[in-house]
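One structure below.
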Amino acid sequence: MNQLFNLLFVVIIAFKIEAQQPATIDLSKLKNLPNTTFYDILEDSNAFLWLASDKGLFRFDGDSFLKYDHPTKKGLAIFNLNLDDKNRLWCINISGQIFYTEEKKLIPFLDVGKKLKYQLGTIIINKNKLYVFDISQVLEIDIKSKKIKQLFFNENRIGNPLKKNDKIIFNAGDCIYEIHKNGVEKIRTFKALKKEETRNSLILLNKDFFGVLKYYDSYNFYNLKNQKKQLLRTPKKLKNKRITGVKFINDNIWFLTNNGIHTYQLREDKLSFKETILKDNFITNLLIDEKQNYWITTLKNGIYTIPNKALKIINTAENISALKKINDTTLIIGSENGSVAYLNVKSKKRTQIIKKNKEPIRLISSKINNNSYLLTSDKSTFLLKENNTNIIRSKLFSGVKNIIKLPNKKILICDYASAKIVTQNDTNKFEFDSYLKNKRANLALYSIYNKSIYVGYIDKLMKYDSLLRPKEIELNSKSIFSTSITQTKDSVVWISTTKNGILGFAKDSLKYKFNTNNDLISNTIFKIKADYNNLWITTDKGIQFIDRYNNNFPSLTKSDGLSSYDIEEIEIFDSLIVFLSDKKIHLFNKEKIFKKNKKPKFYISKVRIQGKDTLIKDVYKLPYNNNNISFSFFSNGFKLEKNITYQYSLSKKENTVHWNTLQEKASNIEFNSLSSGNYTLKIRAKNKDDLFSETIKILIKVKIPFWKNPLFIFLLIIIIASIVFHQYQYRLIKKNRKQELRVKQLLKEKQLIAVNLENLRSQMNPHFIFNALTAIQDYIESNKKDLASEYLVKFSRLIRLYLEHSRKNYVPFSEEIEALKLYLSLEKERFEDDLTIYLSIDTISENSSYLIPSVFIQPYIENAIKHGLLHKKSNRILNIKFYKNAENLICEISDNGIGREKAREIAERKDSKHNSFATSANNMRLHLLNKERRNKITVITTDITENNGVNGTKVVVKIPLEN
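Residue 1 is where the sequence shown starts when you use the UniProt record's numbering, and the numbers rise one by one after that.
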């Protein structure tokens, strides 16, 4: 690849001074303006802008317009805006009606149309007085009483008044007057003034006055000082202009005219021109708000704003497509029509190199070899030598993205297909040297500190050392997608990215990382430029300065006047920053561009409870069931973007603060269901410079539900306690009654049981006595007198025991055993040797104090003898065994008699209705005894079987142990 650049043409040098003006914003392109013709503008203490127009009075909060009107107002147009000490706005219309605003209403004050002969008057508010000026008189109106008096009259025309502190100054004829609390006083006389035949205007200039007087169709300008009138030369640009107002701003005089704003500086009694703003616009007024935004009203063209006076635009006839700094004062600029020029950024002198070319200039390289620069278009590359207007054209390179100078007269070309090195010789021939990589390359940097080349490819960032050995620069082992690269004086290489902010590498190690977590306005960075050891970056949210050592990161956004965030180039001069945006060259002074921002102001704009609007107050008391409340807030003032974020803290403790930051652009908070209690809500605003507003504090008191009210709870407890007590009393009474009835019933049952038991015992005792007497009779008849006598003695002892036991339901175990032994002895004697009785007492003492029912065991023994053993002819055996376990006293009675079945058959043969009285009586007695016992007595009767036949009966009596 070796091609000679051929000489194309030589262009005649043309010089031109390019005009510049502040970056202005046409509000009609951003907001839906209610009108295009505005006469006056004013800012109140709440940062609302008030606008007087030919369609009425409007209030602008920075976002929307609110119209103020009244049905009695004649006509539409409003003029001459004023504010009083109560922040009420006053205005007047052509008909002489004076109005003021209060609580979003326009209120009529007075109609002075007749006194003004229906000519438009000028009003000024001073404390509790309102002054009305027309061409020959001054009216004073007491605002409270509405009394009107003529304060001043003069046949000479009265000029427009000026308010200075608490004094009002105006001129009439050749005199200047002052209105103060004692009336009107003449303070200066200028005899030459009375020759002027039309109304005059005064503005304050330091301690002196500056006068603008119209004389027929021309203007004279005077510096009025030391009782002298000094005529100034009328500036050429102001001749044949209609001057609508004069403003004194920062030692400059701004003339508002029917053909834009013309600014001058008064130097040694001469007006020195500075700049023209909004040429071809009829300017009616200018206001600088508290945030240093300039507001300009016009006839027919709406409203313009200058958010930042330091941000300038150089007005060029063509659209600029590329620029590059070549020295401390000069740029090379290329346009879309192919023209190329030098531009001195300080003097704004433009030196044209080529007027027009078919191809737009896309890129201008930094200085390469032989003091030359490469300029590229879509198809060609141009070589421009410094201080030489010759341009050589070549098709050697195309699609170039970046060009940087390397040592040894080499240059690196980044284009759509590769990164390649070429050599430029002294005759401007270019020879191919080598490819670094055959892949689309977008950016490059040569570091003079480590002699390395950095290349940003479409998919990675590579570093090549002095021997061109490649190494990938990574972030957390991942490739870096870079958008721009630069190096600061401390040798740190800075990479801008699309998602990770800014990365600073020192010796191939990541040393710095800036992103939105440490005050970058965005993580999407387009361009980055080193400014000594600091940085300038362009992002999708504005331009930002990275002051590394002061840790200060101020920014410029659309609210500061940027028309677009699409910034194609940025260059840094000693005190100026120049950048290309919207095909225009912008520049600003680094020391003046960033405003000293004030704390943001905001206010509560709307409060809603349960979805319904309510009054805005400091304290809200909410019922427990209407506890949904929301707050909307607003920050007045011009803002093209939401550069205000809000924070809130809601706590039941006033001194406890935990700030919650709302999402960007959010300007309301809602609490859906606040629990009962007293809350302190604190809200504050924060601007992009991290300045906080004053905190608004609101108290929210959510009443507790009536059922949680201590008094209600106390009364409820009393009521419930009373109900419980009465219910308890009722139940207790009812229970007692039942208990009484139960006791009575139990007593009756017990008495009945006792009677029954007594009856049973009384029946059982005669029965036993009858059996015993029968035995004695048998002894007597058998002439066995000794046996009868012995039997009778035992019988008498047994009868005595039974008589004692008959008075008791329970007797000690020992007494029952004693009676039982007597009974068994009598039965043994009655059967003589035909009955064998075994009585054993195990695990229990005969003297035990356990209680058992009286005469309870004996009937079961009697039944065994009578029904089981009596019908057996021989070998009669009766076995009685007493023992106990943990719960019961157990008595086992067993016999080897004929068994229950045969005994029943014998009994039925004797008498089919007969049943053993002793057995049935004892069963009845068992039933009655168990009625009054918790632990029941059980009796179990079983047959004793042997060899598949019945061989006796066994009765087991279990009596729960009771002492």
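All C-beta atoms, glycine included, are put in the ideal place defined by N, C-alpha and C.
Original post:
Going by the CB atoms, is the gap between residue 146 and residue 140 shorter than 8 Å?
Top reply: Here residue 140 refers to the residue found at position 140 of the sequence shown. Here residue 146 refers to the residue found at position 146 of the sequence shown. No, Cβ-Cβ distance for residue 140 and residue 146 is not below 8 Å.
**OP:** Identify, in the order they occur along the chain, each residue of the same chain with its Cβ nearer than 6 Å to the Cβ of residue 441, setting aside the five sequence neighbours on each side.
**Re:** Here residue 441 corresponds to residue number 441 of the sequence shown, with the count starting at 1. So the qualifying residues of the chain are 414, 419, 455 and 457.
Original post:
Are residue 780 and residue 791 close, meaning C-beta to C-beta below 8 Å?
Top reply: Locating residue 780 in the sequence shown gives position 780, counting from the first residue. Locating residue 791 in the sequence shown gives position 791, counting from the first residue. No, the Cβ-Cβ distance between residue 780 and residue 791 is not below 8 Å.
Original post:
Based on Cα-Cα distance, which residue from 588, 321, 182 and 171 lies nearest to residue 188?
Top reply: What you label residue 188 is simply residue 188 of the sequence shown in a count that begins at 1. Comparing Cα positions, the closest option is 171.
Original post:
Using 8 Å as the Cβ pair cut-off and three pairs as the minimum, do the region 883 to 899 and the region 920 to 930 touch?
Top reply: no
Original post:
Thinking C-beta only, is residue 709 closer than 8 Å to residue 673?
Top reply: The residue you call residue 673 lines up with position 673 of the sequence shown. The residue you call residue 709 lines up with position 709 of the sequence shown. Not closer than 8 Å, so no.
**OP:** Since I believe residue 51 is in contact with residue 41 (beta carbons under 8 Å), could you give me their beta-carbon distance rounded to a whole number of angstroms?
**Re:** Position 41 of the sequence shown, counted from the start, is the residue given in the question as residue 41. Position 51 of the sequence shown, counted from the start, is the residue given in the question as residue 51. That belief holds up - the Cβ atoms of residue 41 and residue 51 are roughly 6 Å apart, short of 8 Å.
**OP:** Provide the residue span of the beta strand (DSSP E) that contains residue 268, from first to last.
**Re:** Start at 1 with the first residue of the sequence shown, and residue 268 comes out as number 268. Per DSSP, residue 268 belongs to no beta strand (DSSP E) and is neither H nor E.
**OP:** State the DSSP-derived secondary structure class of residue 452, mapped to helix, strand or coil.
**Re:** Here residue 452 refers to the residue found at position 452 of the sequence shown. Residue 452: strand per DSSP, three-state reduction.
Subject >> Whole-angstrom distance between residue 785 and residue 949, CA atom to CA atom >> reply: Here residue 949 is taken as the residue at index 949 of the sequence shown, counted from 1. Here residue 785 is taken as the residue at index 785 of the sequence shown, counted from 1. Residue 949 and residue 785: Cα-Cα distance of roughly 42 Å.
Original post:
Around the C-beta of residue 487, are 16 or more other C-beta atoms found within 10 angstroms, so that it is buried, or is it exposed?
Top reply: Here residue 487 refers to the residue found at position 487 when the sequence shown is read from its first residue. Residue 487 comes out buried.
Subject >> Where residue 648 falls, given that 16 or more other Cβ within 10 Å makes a residue buried >> reply: As a first step, residue 648 must be located in the sequence shown, where it is residue number 648. It counts as buried.
**OP:** Let me know the secondary structure DSSP gives residue 991 once reduced to three states.
**Re:** This structure does not reach residue 991, given that the chain is present from 1 up to 963, and the question cannot be answered.
Original post:
For residue 610, does the count of other Cβ atoms within 10 angstroms reach 16, so buried, or fall short, so exposed?
Top reply: Working through the sequence shown from its first residue, we reach residue 610 at position 610. Label assigned to residue 610: exposed.
Original post:
Touch check for the region 302 to 315 and the region 585 to 593: three-plus C-beta pairs under 8 Å?
Top reply: yes
Subject >> Alpha-carbon to alpha-carbon, residue 732 and residue 951 >> reply: As a position in the sequence shown, residue 951 is number 951, starting the count at 1. As a position in the sequence shown, residue 732 is number 732, starting the count at 1. Cα-Cα distance, rounded: 60 Å.
Subject >> Segments assigned beta strand (DSSP E), at least 3 residues, entirely inside the region 272 to 352 >> reply: 282 to 288, 294 to 299, 303 to 306, 312 to 315, 320 to 325, 330 to 335 and 340 to 344
Original post:
Out of curiosity, what's the CA-to-CA distance linking residue 705 and residue 626?
Top reply: To locate residue 705, count along the sequence shown from 1; it is residue 705. To locate residue 626, count along the sequence shown from 1; it is residue 626. Straight-line Cα distance between these residues: approximately 11 Å.
Original post:
In whole angstroms, what separates the C-alpha of residue 535 from that of residue 544?
Top reply: Residue 535 sits at position 535 when you count from the first residue of the sequence shown. Residue 544 sits at position 544 when you count from the first residue of the sequence shown. Each residue's Cα considered, the two are about 8 Å apart.
Original post:
Straight-line CA distance for residue 962 to residue 743?
Top reply: As a first step, residue 962 must be located in the sequence shown, where it is residue number 962. As a first step, residue 743 must be located in the sequence shown, where it is residue number 743. About 23 Å.
Original post:
Can you find at least 3 beta carbon pairs, one from the region 555 to 574 and one from the region 523 to 540, that sit closer than 8 Å?
Top reply: yes
Original post:
Where does the unbroken beta strand (DSSP E) through residue 837 begin, and where does it stop?
Top reply: In the sequence shown, residue 837 corresponds to position 837, counting from 1. Its beta strand (DSSP E) spans residues 835 to 841.
Original post:
Taking the C-alpha atoms as reference points, what is the distance between residue 614 and residue 243?
Top reply: By 1-based counting over the sequence shown, the position of residue 614 is 614. By 1-based counting over the sequence shown, the position of residue 243 is 243. Residue 614 and residue 243: Cα-Cα distance of roughly 49 Å.
Original post:
I think residue 492 touches residue 464, with their Cβ atoms under 8 Å apart; what is that distance to the nearest whole Å?
Top reply: Along the sequence shown, one-based indexing puts residue 492 at 492. Along the sequence shown, one-based indexing puts residue 464 at 464. Not really, about 18 Å apart at Cβ, beyond 8 Å.
Subject >> Proximal residues to residue 338 (C-beta, below 8 Å), its chain only, five neighbours per side dropped >> reply: Counting from one through the sequence shown, the residue named residue 338 turns up at place 338. Only 354, 356, 357, 358, 359, 360, 361 and 377 meet the Cβ criterion.
**OP:** Could you spell out the range, first to last residue, of the beta strand (DSSP E) harbouring residue 98?
**Re:** Against the sequence shown, residue 98 aligns to sequence position 98. Taken as a continuous stretch (DSSP letters only), the beta strand (DSSP E) holding residue 98 covers 97 to 102.
**OP:** Measuring alpha carbon to alpha carbon, tell me which of 288, 902, 319 and 241 ends up nearest residue 281.
**Re:** Here residue 281 corresponds to residue number 281 of the sequence shown, with the count starting at 1. Measuring from the Cα of residue 281, the nearest candidate turns out to be 241.
Subject >> Candidates 940, 959, 367 and 939, of which the one nearest residue 933 by Cα >> reply: To locate residue 933, count along the sequence shown from 1; it is residue 933. Nearest of 940, 959, 367 and 939 to residue 933, Cα basis: 959.
Subject >> Spatial distance of residue 764 from residue 736 (CA atoms) >> reply: For this step, residue 764 is matched to residue 764 along the sequence shown. For this step, residue 736 is matched to residue 736 along the sequence shown. Summary for residue 764: the model assigns pLDDT 48, below 50, so the residue's position carries little reliability, and this model does not support an answer.
Subject >> Beta-carbon spacing of residue 827, residue 865 below 8 Å >> reply: Counting from 1 along the sequence shown, the entry for residue 827 is found at position 827. Counting from 1 along the sequence shown, the entry for residue 865 is found at position 865. Contact: yes.
Subject >> Rounded distance between the beta-carbons of residue 654 and residue 680, thought under 8 Å >> reply: If you number the sequence shown from 1, residue 680 lands on position 680. If you number the sequence shown from 1, residue 654 lands on position 654. The pair is a contact, with the Cβ atoms about 5 Å apart (cut-off 8 Å).
Original post:
Could you check where the alpha helix (DSSP H) with residue 786 kicks off and where it finishes?
Top reply: Within the sequence shown, residue 786 is the residue found at index 786, counting from 1. Start and end: 785 to 805.
Subject >> Three-state class that DSSP yields for residue 712 in the structure shown >> reply: The residue you call residue 712 lines up with position 712 of the sequence shown. If DSSP states are grouped into helix, strand and coil, residue 712 belongs with the helices.
**OP:** Could you pull out every residue in the same chain whose Cβ sits closer than 6 Å to the Cβ of residue 965, ignoring the five residues on either side in sequence?
**Re:** Residue 965 lies beyond the residue range present for the chain, which begins at 1 and ends at 963; the question has no answer from this structure.
**OP:** State yes or no: is the C-beta of residue 277 within less than 8 Å of the C-beta of residue 21?
**Re:** Residue numbering aside, residue 277 sits at position 277 when the sequence shown is read from its first letter. Residue numbering aside, residue 21 sits at position 21 when the sequence shown is read from its first letter. A contact, by the Cβ cut-off of 8 Å.
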